[in-house]
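First the structure, in the form of structure tokens, and then the observations on it.
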Amino acid sequence: MPFVFSSYGQIERYVAGTHYLEIANPVNTRDSSKVEVIEAFWYGCSHCFRFEPLITNWEENKPDDVDFVRFPALWNNLMKIHAQVYYAAEVLDAVDVLHEPIFNAINVERNMLQNEGQISELF
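Its first residue numbered -14, the sequence shown is counted upward by one per residue in the working numbering.
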């Protein structure tokens, strides 16, 4: 004899103030018609390095209503240099070409890209 559950198949409704809070002053995004997903990363972070193939795959298959933004984390001088490397690649419209080699230089080759000479070899 089959059992029928009254809650089976019902869509759970989320209620503002109960299940989530609405932001009083939303942050402006690059495209207000899309959901913005921001990845904070550091080229010297081994976790970011291991996560990058997953995020790249997700980015290639993300929904059309999602705007993906990379944001270099920054709290010391070396991270500042690496952020500058990222933004230089962005200005040159070369992030797609240089992002993985920069991660590899630091995490595989152990070249911390601490000076202009080391960095210029990538460009």
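Even for Gly, the Cβ is constructed at its ideal location relative to N, Cα and C.
1. With H, G and I counted as helix, E and B as strand and the rest as coil, what does DSSP make of residue 81?
2. For residue 5 and chain D, any beta-carbon pair shorter than 7 angstroms?
3. Apart from the five residues on each side of it in sequence, which residues of its chain come closer than 8 angstroms, Cβ to Cβ, to residue 54?
4. Could you tell me how far apart the beta carbons of residue 29 and residue 67 are, in whole angstroms, since I believe they sit closer than 8 angstroms?
5. Work out the CA separation of residue 100 and residue 33 for me, nearest whole Å.
6. What's the C-alpha gap between residue -14 and residue 11?
7. In this structure, does DSSP put residue 25 in helix, strand or coil?
8. So what's residue -1 in DSSP terms, helix, strand or just coil?
According to the structure shown:
1. helix
2. You won't find chain D in this structure, because it holds only one protein chain.
3. 15, 21, 22, 23 and 24
4. 6 angstroms
5. 22 angstroms
6. Here the model assigns residue -14 a pLDDT of 49, short of 50, so the residue's position is not dependable and the matter cannot be decided.
7. strand
8. coil
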